[in-house]
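**Q**
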Amino acid sequence: MVSDKILLDHGSGGRVSHELVERLFLPRFQNPWLQDLNDSAVITVEGGRLAFTTDSYVVDPLFFPGGDIGALAVCGTVNDLAMLGARPFYLSVAFILEEGLPLKDLERIVASMAKAAAEAGVHIVTGDTKVVPQGAGDKIFINTAGIGVVPEGIRIGGREAKSGDTVLVSGTLGDHGLTILSQREGLAFESPLKSDVAPLSGLVQEMLACGAEIHVLRDPTRGGLATTLNEIARQSGVGIEIWEEALPVRDQVLAASETLGLDPLYIANEGKLVAIVPKEEAEKVLTVMRKNKYGREAALIGEVTADHPGQVVLKTLIGGSRLLDMLSGEQLPRIC
Amino acid sequence: MMKGFGFGESENHKKSKETKMCLAVPMEVKEVSGNTAWVELEGIRREVRLDLLEPKPRPGDYVIVHAGFALHRIDEEEARESLKTWKEFLAHASQTPE
Amino acid sequence: MPLKHLSEYRDKGLARKLIEAIWKRSHKPLRLMEVCGTHTMAIFRYGIRQVLPPHIQLISGPGCPVCVTAQEEIDRSVKLAGYPGVMITTFGDLFRVPGSRSSLQAERSEGADVRPVYSTFDALRLAEAHPEKEVVFLGIGFETTAPTVAAAVLEAARKGLDNFSVLSFHKRLPPALEALMEDGNLRLDGFLYPGHVTTVIGTAAYEKVAQTYGIPGVVSGFEPVDILESIFMLVEQIEQGRVQVEMQYRRGADPQGNLKAQELMDQVFRPMDASWRGLGLIPESGLCLRPEFKAFTAEERFDLRVPPAQEHPGCACGAILRGIRTPPECPLFRAVCRPDHPLGPCMVSSEGTCAAYYKYGG
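Chains as they are written, first to last, in this note's numbering: chain D, 1 to 336; chain Y, 337 to 434; chain H, 435 to 796.
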């Protein structure tokens, strides 16, 4: 490979394509399936039902404090599997590259993916690369699909919340989205905000292992905590009440939201989860979460009620209350 | 050639979406140079114009910022006094029967 | 202390004590009006209505600059967007307000160059960066914003820019207050005055309202403690039969206002008659550029005459802005008019009363 940029040739399937696979992807994503370079990876899974998910990643900028598009592409999909109680095992990856993308950037992204995959204990076993002419894409788009196994007896899902349950969150809110937006707004920083992008499969495994009954797990990505809780409230036909003073938000995130006129409750998180568990399990689950590096600031933030089914209400810090609606319309663009 | 959510041209979608109108937050002045100053809130820095302030603020002052301009210099002493007066009043009021 | 000058005013303990004090002191039924979009939002955001005694009613007035922009003004902006080579810049949610025939957003999707900016200076920079374009800044906002636009116009003059102009829809709040008071349908016991408009104009105009109409007022900051303090102060005045203009927001405003900002505003703008959505034509309630600044006046550069404006039939935005109706009383509210499908600016604007009721629950 003579060029330091991605060329149309890299997507052609010819020699230059092969070199990209052999010199970049194979060494990084080391595993026997990929090594075989077959059209498909043939894998065996046992021990339960298959969980299967996919997501595409178009975040801009590509690199940001705390992570990059590669880390997102692995963690996002791993987390989607983990939220159903699945152990994630295998990922596929598809790249759509814009002609002219610096090879150095691609190398950095791939290294980041490998690192995240190793931490999550997953293998990237099959992939595809396409290159589009300059202007027909925007640097890089990534799609990942993931397979995991849900053990028998696990029944976790959006419909499972019950009146009387408590609502837990694994840590501070709004970090990822505000980091991206602040980068875009060109807000200068002294001590920068960081994205929270992280693989949560380990945390979830520990939560399951402690034997507590868990009803719902969900990661509050686009639309933030508010949207996620609304989805659950509707799916389960219950009401949810959360308490403003219990919500963990970093001072910097609060300050950034004030400056940009945004609400952290509607901002994407990429390394956090919401857990809804029976009241009597809350203490146990929180203890387990706080022992994990991604759950140190886990907090109890609210409860599930039979009142106002399908709606989420926020109790404000002065004792008032207001509806916490879903994010309507204006999604913040290219956050993940 | 820019895609994105219809903001028109802007490198890396730098411009914010529709900004809240009356948004004005108190920020600390870090540096002053002529008609502009760098102000900060919890590590977030912005550059603001000082056209509307006379006399110009100094590093350490707190100003209210609106639409890229410093609008008012907060009188720390005044703010502290005011808070103190309220707290005293309320402590007394909660003891007095109606 | 983190978030200095913000967190003290979000102190839960202080808020609780203020709420208790209000309950203790307040006996008469009260109708209090705020005239600032940020106050509208803060009251909803913190659930202030729920913690007050039921006999105190908080009413939203014409405090949202986008909402009070007249339909005809929207139509003129839309016409401007249609001129080739024009780049329209503005802040606020003006883009999505439906005019008689179109909106800025719709024009943009048809290829018009319409861009959001954070500050008028961003618009100036765009004008410098794009000499081939005619950059027009749509000036909306009350006296908090007008001085910033004045400063930008002066800078444009200093730099000799020949492709920058302002289409002013700026409005002055005091004439609207008088128009509200003249409205026989509206009964009010007190005003919550906007903190940052006061930072610029001071309290003299409110003194006149207090004397002429016998209505007390308090200039309020925007944090929950500020608002509760202000309501307490209003309750005290009313229970004691006083009519005054008091300053709760002492850290953010002086009684004389910001003299420099007033000077700049006066140098560049002069009052003119203006049409407010909901309130109709109010004499001397708008601001237009003085003749010396003809070179930066959009109406001098472009023909912006438009046919008579049409608002959506059934839209109660006007009555809502006057404080005589609430959104749930509008037949279109929720049924047809929603944030993703707004029929009037009160639902479009992030500070609009209808948007607030929809989002936070009435």
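Glycine included, each C-beta is placed from N, C-alpha and C at the ideal position.
For clarity, every value in this text was computed on a predicted model and none was experimentally measured.
From what residue to what residue does the beta strand (DSSP E) around H:Ile-649 run?
**A** Counting from 1 along the third sequence, the entry for residue 649 of chain H is found at position 215. No beta strand (DSSP E) holds H:Ile-649; DSSP gives it neither H nor E.
**Q** Between D:Gly-121 and D:Ser-40, which are expected to be in contact by the criterion C-beta below 8 Å, what is the C-beta distance as a whole number of angstroms?
**A** Counted from its first residue, the first sequence places residue 121 of chain D at position 121. Counted from its first residue, the first sequence places residue 40 of chain D at position 40. Their Cβ separation, rounded to whole angstroms, is 22 Å, which puts D:Gly-121 and D:Ser-40 out of contact at 8 Å.
**Q** State buried or exposed for D:Val-42, treating a residue as buried only when at least 16 other CB atoms are found within 10 Å of its CB.
**A** Mapped onto the first sequence, residue 42 of chain D falls at position 42. Exposed, because fewer than 16 other Cβ atoms sit within 10 Å of the Cβ of D:Val-42.
**Q** Just checking: is the beta-carbon of Y:Glu-412 within a distance shorter than 8 Å of some beta-carbon in chain D?
**A** For this step, residue 412 of chain Y is matched to residue 76 along the second sequence. No, Y:Glu-412 lies away from the interface with chain D (no Cβ there is under 8 Å from its Cβ).
**Q** Any chance you could list the alpha helix (DSSP H) runs of at least 4 consecutive residues sitting entirely within the region 146-218 of chain D, in chain order?
**A** Listed in chain order, they are 175-185 and 201-209.
**Q** Output needed in chain order: residues of the region 255-272 of chain D with a Cβ under 8 Å from some Cβ in chain Y.
**A** Going along the region 255-272 of chain D in chain order, one finds Ala-255, Ala-256, Glu-258, Thr-259, Leu-260 and Gly-261 with a Cβ nearer than 8 Å to chain Y.
**Q** Quick one: which residues of the region 229-251 of chain D get their C-beta closer than 8 Å to a C-beta of chain Y? List them in chain order.
**A** Those would be Asp-251, in chain order.
**Q** Beta carbons nearer than 9 Å to chain H: which residues of the region 299-327 of chain D have them?
**A** Residues passing the 9 Å Cβ filter: Gln-311, Val-313, Leu-314, Lys-315, Thr-316, Leu-317, Ile-318, Gly-319, Gly-320, Ser-321, Arg-322, Leu-323, Leu-324 and Asp-325.
**Q** Could you tell me how far apart the beta carbons of D:Ala-94 and D:Gly-127 are, in whole angstroms, since I believe they sit closer than 8 Å?
**A** The residue labelled residue 94 of chain D in the question sits at position 94 within the first sequence. The residue labelled residue 127 of chain D in the question sits at position 127 within the first sequence. Between D:Gly-127 and D:Ala-94 the Cβ distance is about 6 Å, and since that is below 8 Å, they are a contact.
**Q** Which full runs of the beta strand (DSSP E) of 3+ residues lie inside the region 9-77 of chain D, going along the chain?
**A** List check, beta strand (DSSP E) in window: 49-57.
**Q** Three or more beta-carbon pairs under 8 Å between the region 472-480 of chain H and the region 310-328 of chain D, yes or no?
**A** The region 472-480 of chain H is in contact with the region 310-328 of chain D.
**Q** What residue from H:Leu-766, H:Asn-597 and H:Gly-497 has the CA that sits closest to H:Pro-565's CA?
**A** Mapped onto the third sequence, residue 565 of chain H falls at position 131. Selected option, being the one with the closest Cα: H:Asn-597.
**Q** How far does the beta strand (DSSP E) with H:Ile-716 in it reach, from first residue to last?
**A** The count along the third sequence starts at 1 and reaches residue 716 of chain H at position 282. H:Ile-716 -> beta strand (DSSP E) spans 714-723.
**Q** For H:Ala-449, which residues in chain D fall below 9 Å Cβ to Cβ?
**A** Along the third sequence, read from residue 1 onward, the residue named residue 449 of chain H stands at position 15. Residues of chain D passing the Cβ test: Leu-317, Ile-318 and Gly-319.
**Q** Since I believe H:Glu-577 is in contact with H:Val-643 (beta carbons under 8 Å), could you give me their beta-carbon distance rounded to a whole number of angstroms?
**A** Here residue 643 of chain H refers to the residue found at position 209 when the third sequence is read from its first residue. Here residue 577 of chain H refers to the residue found at position 143 when the third sequence is read from its first residue. 15 Å between Cβ atoms; not a contact.
**Q** What separation, rounded to the nearest whole angstrom, lies between the Cα atoms of H:Pro-518 and H:His-746?
**A** Reading the third sequence from its first residue, position 84 is the one you call residue 518 of chain H. Reading the third sequence from its first residue, position 312 is the one you call residue 746 of chain H. About 29 Å.
**Q** Have a look at H:Glu-442 and D:Leu-300 and give me their C-alpha separation to the nearest angstrom.
**A** Locating residue 442 of chain H in the third sequence gives position 8, where the first residue counts as 1. Locating residue 300 of chain D in the first sequence gives position 300, where the first residue counts as 1. Roughly 24 Å between the two C-alpha positions.
**Q** Which partner residues of D:Trp-243 appear in the DSSP bridge assignment?
**A** Residue 243 of chain D sits at position 243 when you count from the first residue of the first sequence. In DSSP, D:Trp-243 forms a bridge with D:Lys-315.
**Q** Determine, using beta carbons only, whether Y:Lys-366 comes closer than 8 Å to chain H.
**A** Position 30 of the second sequence, counted from the start, is the residue given in the question as residue 366 of chain Y. Not closer than 8 Å to any Cβ of chain H, the Cβ of Y:Lys-366 fails to qualify, so no.
**Q** With a cut-off of 8 Å on the beta carbons, I'd call H:Leu-797 and H:Ala-610 a contact; round off their distance for me.
**A** This structure leaves residue 797 of chain H out entirely; chain H is present only between 435 and 796.
**Q** Below 8 Å between beta carbons: does that hold for H:Gln-701 and H:Ala-590?
**A** By one-based count along the third sequence, residue 701 of chain H stands at place 267. By one-based count along the third sequence, residue 590 of chain H stands at place 156. Not in contact: H:Gln-701 and H:Ala-590 (Cβ atoms no closer than 8 Å).
**Q** Starting from the C-beta of D:Glu-46, find all residues in its chain whose C-beta is less than 8 Å away, skip the five residues before and the five after it, and write them out in chain order.
**A** For this step, residue 46 of chain D is matched to residue 46 along the first sequence. These residues qualify, in order along the chain: Val-149.
**Q** Examine chain Y for any beta-carbon lying closer than 8 Å to the beta-carbon of D:His-18, and answer yes or no.
**A** What you label residue 18 of chain D is simply residue 18 of the first sequence in a count that begins at 1. With 8 Å as the cut-off, D:His-18 does not count as an interface residue toward chain Y.
**Q** Within the continuous alpha helix (DSSP H) that includes D:Ala-114, where are the two ends?
**A** Within the first sequence, numbered from 1, the residue matching residue 114 of chain D stands at position 114. 103-120 is the extent of the alpha helix (DSSP H) around D:Ala-114.
**Q** Applying the criterion that 16 or more other CB atoms from any shown protein chain within 10 Å of the CB defines a buried residue, is H:Pro-388 buried or exposed?
**A** The requested residue 388 of chain H does not occur in the structure, where chain H is confined to residues 435 to 796.
**Q** Is it the case that the Cβ atoms of D:Ala-117 and D:Val-74 are separated by a distance below 8 Å?
**A** On the first sequence, position 117 is the one that residue 117 of chain D refers to. On the first sequence, position 74 is the one that residue 74 of chain D refers to. For D:Ala-117 and D:Val-74, yes; Cβs fall inside 8 Å.
**Q** So, are the CB atoms of D:Thr-305 and D:Val-216 less than 8 Å apart?
**A** Along the first sequence, read from residue 1 onward, the residue named residue 305 of chain D stands at position 305. Along the first sequence, read from residue 1 onward, the residue named residue 216 of chain D stands at position 216. No, they are not a contact pair.
**Q** D:Pro-133: buried (16+ other C-beta within 10 angstroms of its C-beta) or exposed?
**A** Here the question's residue 133 of chain D lines up with position 133 in the first sequence. Per the 10 Å Cβ criterion, exposed.
**Q** Between H:Thr-578 and chain Y, is the shortest Cβ-Cβ distance under 8 Å, so that the two count as touching?
**A** One-based indexing of the third sequence puts residue 578 of chain H at position 144. With 8 Å as the cut-off, H:Thr-578 counts as an interface residue toward chain Y.
**Q** In the structure shown, what three-state DSSP assignment does H:Gln-491 receive?
**A** Against the third sequence, residue 491 of chain H aligns to sequence position 57. The answer is strand: DSSP assigns H:Gln-491 an E or B state.
**Q** In this structure, how does DSSP classify H:Val-500 when only helix, strand and coil are distinguished?
**A** Your numbering for residue 500 of chain H matches position 66 in the third sequence. It is helical.
**Q** Kindly indicate if chain H contains any beta-carbon less than 8 Å away from that of Y:Pro-362.
**A** Taking the second sequence and counting its residues from 1, the one referred to as residue 362 of chain Y is at position 26. Yes, Y:Pro-362 lies at the interface with chain H (some Cβ there is under 8 Å from its Cβ).
**Q** Please return the same chain residues whose Cβ sits closer than 7 Å to the Cβ of H:Thr-472, not counting the five positions on each side in sequence.
**A** Position 38 of the third sequence, counting from 1, holds the residue named residue 472 of chain H. These residues qualify, in order along the chain: Phe-656 and Glu-785.
**Q** Have a look at H:Ser-553, H:Phe-571, H:Leu-614 and H:Pro-762 and flag the residue whose alpha-carbon is nearest the alpha-carbon of H:Met-521.
**A** Counted from its first residue, the third sequence places residue 521 of chain H at position 87. If we check each option's Cα against that of H:Met-521, H:Phe-571 comes out closest.
**Q** Listing by chain order, which chain D residues have their CB less than 8 Å from the CB of H:Phe-478?
**A** Stepping through the third sequence from its first residue, residue 478 of chain H is reached at position 44. Going along chain D in sequence order, the residues near H:Phe-478 (Cβ under 8 Å) are Arg-322.
**Q** Which value, in whole angstroms, describes the spacing of the CA atoms of H:Lys-793 and H:Thr-582?
**A** By 1-based counting over the third sequence, the position of residue 793 of chain H is 359. By 1-based counting over the third sequence, the position of residue 582 of chain H is 148. Computed Cα separation, rounded: 31 Å.
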